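*Asks:*
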Amino acid sequence: DVVMTQSPLSLPVTLGQPASISCRSSQSLVYSDGNTYLNWFQQRPGQSPRRLIYKVSNRDSGVPDRFSGSGSGTDFTLKISRVEAEDVGVYYCMQGAQWPPTFGQGTKVEIK
Amino acid sequence: EVQLVESGGGLVQPGGSLRLSCAASGFTFSNYWMSWVRQAPGKGLEWVASIKQDGSDKNYVDSMEGRFTISRDNAKNLLYLQMNSLRAEDTAVYYCARAVRISDYWGQGTLVTVSS
Chain A
1 DVVMTQSPLS LPVTLGQPAS ISCRSSQSLV YSDGNTYLNW FQQRPGQSPR RLIYKVSNRD
61 SGVPDRFSGS GSGTDFTLKI SRVEAEDVGV YYCMQGAQWP PTFGQGTKVE IK
Chain B
1001 EVQLVESGGG LVQPGGSLRL SCAASGFTFS NYWMSWVRQA PGKGLEWVAS IKQDGSDKNY
1061 VDSMEGRFTI SRDNAKNLLY LQMNSLRAED TAVYYCARAV RISDYWGQGT LVTVSS
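The following block contains the structure:
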């Protein structure tokens, strides 16, 4: 299975400050169709996961533009330009390039 | 609006069985692969199984193959997960999710607790 490794696992952030989460995969996430299947999910406390970013850098409808995704191959990043209180939760990267789809361990974002 | 609503969770004894359902609405169900993903209490996310649009192809995570069966009824817009020989480590919230590679919509989940 493709191993997804996130860092950090805990991220205390001051409101209004930027935050960055790294995700590394044990294998390339480039699929045979040429797409890179790396998604980012947000899970707020008590809620189900919500997709924020798909195929590395495409923001989902309704997702604030302070969220951005970047990267290629095996190295990816989720950035929040200015953290707001509603961003508290756990963030997961997920690869869909190889079966089975696998997730990172999760990064808990909290307000300092 | 896309909606996925899971049901069927509950308390079951080790070795028992349970069938989960997911009612889909707001999109053409028969056009999409569908999946089940689970999350043990306080833990991360784990893929369980996925099924092709017409049910002709099913994929399972190794640890669940042989015990779990994914199926669908496109006429009723329903996705199922039959779980047999349940173990304590199967205790989790089970989510229904649309698609596989891009997994765009998820339900609210249904809790399965395996305990005596």
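Chains as they are written, first to last, in this note's numbering: chain A, 1 to 112; chain B, 1001 to 1116. Idealized CB from N, CA, C, for every residue including glycine. These numbers were taken from a predicted model, which means no experiment stands behind them.
Give the DSSP-derived three-state secondary structure of A:D1 in the structure shown.
*Replies:* One-based indexing of the first sequence puts residue 1 of chain A at position 1. If DSSP states are grouped into helix, strand and coil, A:D1 belongs with coil.
*Asks:* Going by other Cβ atoms of all chains shown within 10 Å of its Cβ, with 16 needed for buried, is B:T1110 buried or exposed?
*Replies:* Indexing the second sequence from 1 puts residue 1110 of chain B at position 110. Its Cβ being crowded by 16 or more others within 10 Å, B:T1110 is buried.
*Asks:* With 8 Å as the threshold, decide whether the Cβ of A:W40 is near any Cβ in chain B.
*Replies:* Within the first sequence, residue 40 of chain A is the residue found at index 40, counting from 1. A:W40 does not count as touching chain B.
*Asks:* Spell out a yes or no on whether the region 1098-1114 of chain B and the region 93-103 of chain A are touching, meaning 3 or more CB-CB pairs, one atom from each, closer than 8 Å.
*Replies:* Segments in contact, yes.
*Asks:* Looking at the structure shown, is B:F1029 part of a helix, part of a strand, or coil, going by DSSP?
*Replies:* In the second sequence, the residue the question calls residue 1029 of chain B occupies position 29. Three-state result, B:F1029: helix.
*Asks:* Would you say A:Q105 faces chain B, with C-beta separation under 8 Å as the test?
*Replies:* To locate residue 105 of chain A, count along the first sequence from 1; it is residue 105. So yes, A:Q105 belongs to the interface.
*Asks:* Looking only at C-alpha atoms, which of B:Q1003, B:V1012, B:L1004 sits nearest to B:A1092?
*Replies:* Translated into the one-based positions of the second sequence, residue 1092 of chain B becomes position 92. Among B:Q1003, B:V1012, B:L1004, the Cα nearest to that of B:A1092 is on B:V1012.
*Asks:* Note down, in chain order, each residue of its chain lying with its Cβ closer than 6 Å to the Cβ of A:Y54, except the 5 sequence neighbours on either side.
*Replies:* In the first sequence, residue 54 of chain A corresponds to position 54, counting from 1. Hits under 6 Å: N39.
*Asks:* Just by C-beta distance, which residues in the region 1062-1085 of chain B are closer than 9 Å to chain A?
*Replies:* So the list reads D1062, given in the order they occur along the chain.
*Asks:* What did DSSP end up calling B:E1065 once you bin it into helix, strand or coil?
*Replies:* Translated into positions along the second sequence, residue 1065 of chain B becomes position 65. Of the three classes helix, strand and coil, the one that applies to B:E1065 here is strand, per DSSP.
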